[in-house]
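A.B. asks: Handing you a structure now.
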Amino acid sequence: MNTIEVQEKIWSVRENWDMLKPYLNDKDVQKVLDEAMTEFSEGNPNRKMWTPGDAPWEYTTSSYWVERIDEKVENDEQYCEELEVLDKEWVSKTNLEDDDLWDNDEYRNQWGLLFDKYYKKHSPKEGTIEYYQFVHGCHWINVFTAKLIEKALNVETDIWQTETHTVVEFVKDDVCYCADILIEWETTEELCKFMYKNIES
Numbered sequence: 008m009n010t011i012e013v014q015e016k017i018w019s020v021r022e023n024w025d026m027l028k029p030y031l032n033d034k035d036v037q038k039v040l041d042e043a044m045t046e047f048s049e050g051n052p053n054r055k056m057w058t059p060g061d062a063p064w065e066y067t068t069s070s071y072w073v074e075r076i077d078e079k080v081e082n083d084e085q086y087c088e089e090l091e092v093l094d095k096e097w098v099s100k101t102n103l104e105d106d107d108l109w110d111n112d113e114y115r116n117q118w119g120l121l122f123d124k125y126y127k128k129h130s131p132k133e134g135t136i137e138y139y140q141f142v143h144g145c146h147w148i149n150v151f152t153a154k155l156i157e158k159a160l161n162v163e164t165d166i167w168q169t170e171t172h173t174v175v176e177f178v179k180d181d182v183c184y185c186a187d188i189l190i191e192w193e194t195t196e197e198l199c200k201f202m203y204k205n206i207e208s
């Protein structure tokens with residue numbers, strides 16, 4: 008009897024995002040997303056409770072997204088130009104030095120409105136992979152990834168979970184694939200090493 012050797016490969020969620028996008032609003036996919044994010048929220052009662060329609064990336068428990076969005080805002084030429092105009096206006100209006108403007112509550116409010124406008128501009132947009140990247144939330148968001156892949160590829164999926172990380176597994180055309188919406192893995196060896204990184208043998 009011939010045995011088929013199953014290959015193991017990484018299935019890039021990012022590279023295949025266009026294949027997955029049509030199923031983002033599928034009712035079964037949304038149901039799994041809502042259940043997973045609600046489970047996370049209920050386990051973290053001091054944080055915002057999940058509401059259907061929320062952006063998963065906003066539930067990231069570290070400064071990952073804040074740092075990246077802040078950097079994009081600071082490098083936005085249009086933001087810098089508007090900030091310069093705002094500062095000049097307030098220096099002229101108050102006779103304060105640039106460094107002293109922060110002592111003025113009204114200036115801080117105006118700056119906050121300007122910054123928020125560009126923060127929203129550079130925040131992950133609905134329909135993009137980044138929008139669903141709940142960083143450090145792999146145990147919840149990759150359950151959503153699994154359902155998304157099931158719908159798009161018409162395959163059965165499994166969840167591979169360790170104390171360190173969670174990814175999706177599925178078999179298609181005699182190849183066992185691993186998929187992860189959060190991290191772009193180069194090889195299955197790299198992934199496997201990470202999965203057991205903090206686990207004592």
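Note that our numbering numbers the sequence shown so that position 32 is 39, with each residue one more than the last.
Built from N, CA and C at the ideal position, the CB exists for glycine as well.
Computed from a prediction, not measured in an experiment: that's the story for all the values here.
Does the separation of the CB atoms of ALA186 and VAL174 fall below 8 Å?
C.D. replies: Translated into positions along the sequence shown, residue 186 becomes position 179. Translated into positions along the sequence shown, residue 174 becomes position 167. Against a cut-off of 8 Å, the Cβ pair of VAL174 and ALA186 comes out as a contact.
A.B. asks: Evaluate LYS127 with the Cβ neighbour count: other Cβ atoms within 10 Å of its Cβ, from every protein chain shown; 16 or more gives buried, anything less gives exposed.
C.D. replies: Looking up residue 127 in the sequence shown gives position 120. Counting Cβ neighbours within 10 Å, LYS127 comes out exposed, since fewer than 16 surround it.
A.B. asks: In angstroms with no decimal places, state the Cα-to-Cα distance between MET8 and ILE166.
C.D. replies: Residue 8 sits at position 1 when you count from the first residue of the sequence shown. Residue 166 sits at position 159 when you count from the first residue of the sequence shown. A caution first: MET8 carries a pLDDT of 45, below 50, which makes its placement in the model unreliable, though a value can still be read off. Between MET8 and ILE166, the C-alpha separation is close to 30 Å.
A.B. asks: Less than 6 Å between C-beta atoms, sequence neighbours within five positions excluded: which residues of the same chain meet that for TYR86?
C.D. replies: If you number the sequence shown from 1, residue 86 lands on position 79. VAL80 and TYR125.
A.B. asks: Restricting to runs no shorter than 4 residues, where is the alpha helix (DSSP H) found entirely within the stretch 13-86?
C.D. replies: Fully enclosed alpha helix (DSSP H) runs of 4 or longer: 24-27, 34-50 and 71-81.
A.B. asks: Could you give the C-beta distance for LEU120 and LEU90, rounded to a whole number, given that I count them as a contact under 8 Å?
C.D. replies: Sequence index remark: in the sequence shown, residue 120 carries index 113 (1-based). Sequence index remark: in the sequence shown, residue 90 carries index 83 (1-based). That pair is no contact at about 12 Å.
A.B. asks: Mind checking whether ILE148 and ILE190 have CB atoms under 8 Å apart?
C.D. replies: As a working note, residue 148 is residue 141 in the sequence shown. As a working note, residue 190 is residue 183 in the sequence shown. Result no, Cβ atoms of ILE148 and ILE190 do not sit closer than 8 Å.
A.B. asks: In terms of residues, what are the limits of the beta strand (DSSP E) holding ASP107?
C.D. replies: The count along the sequence shown starts at 1 and reaches residue 107 at position 100. Note, ASP107: premise wrong, no beta strand (DSSP E); not H, not E.
A.B. asks: Would you tell me roughly how many angstroms separate the C-alpha atoms of VAL182 and TRP118, rounded to the nearest one?
C.D. replies: Locating residue 182 in the sequence shown gives position 175, where the first residue counts as 1. Locating residue 118 in the sequence shown gives position 111, where the first residue counts as 1. Distance between the alpha carbons of VAL182 and TRP118 is about 53 Å.
A.B. asks: Just to confirm before moving on: does the CB-CB distance between GLN168 and HIS143 stay below 8 Å?
C.D. replies: Position 161 of the sequence shown holds residue 168. Position 136 of the sequence shown holds residue 143. No. Outside cutoff.
A.B. asks: Can you look up THR5 in the DSSP assignment and give me helix, strand or coil?
C.D. replies: For residue 5 there is no data in the structure shown, the boundaries of the chain being 8 and 208.
A.B. asks: Once DSSP output is grouped into helix, strand and coil, what is the label at ASP165?
C.D. replies: Position 158 of the sequence shown, counting from 1, holds the residue named residue 165. In this structure, ASP165 counts as strand in the three-state DSSP scheme.
A.B. asks: Put LYS154 into one of helix, strand or coil per three-state DSSP.
C.D. replies: Within the sequence shown, residue 154 is the residue found at index 147, counting from 1. Of the three classes helix, strand and coil, the one that applies to LYS154 here is helix, per DSSP.
A.B. asks: Nearest CA to the CA of ASN51: which residue from VAL36, THR68, GLN37 and LEU40?
C.D. replies: To locate residue 51, count along the sequence shown from 1; it is residue 44. Selected option, being the one with the closest Cα: THR68.
A.B. asks: Following the continuous alpha helix (DSSP H) through LEU198, name the residue where it begins and the one where it ends.
C.D. replies: For this step, residue 198 is matched to residue 191 along the sequence shown. Looking at the DSSP string, the run of the alpha helix (DSSP H) that includes LEU198 is 195-202.
A.B. asks: Straight-line CA distance for TYR203 to GLU196?
C.D. replies: Taking the first residue of the sequence shown as 1, we reach residue 203 at position 196. Taking the first residue of the sequence shown as 1, we reach residue 196 at position 189. Roughly 11 Å separates the two Cα atoms.
A.B. asks: Closest to GLU170 by CA distance: which of TYR184, PHE201, ILE156 and GLU163 is it?
C.D. replies: The residue you call residue 170 lines up with position 163 of the sequence shown. Comparing Cα-Cα distances from GLU170 to each of TYR184, PHE201, ILE156 and GLU163, the minimum goes to PHE201.
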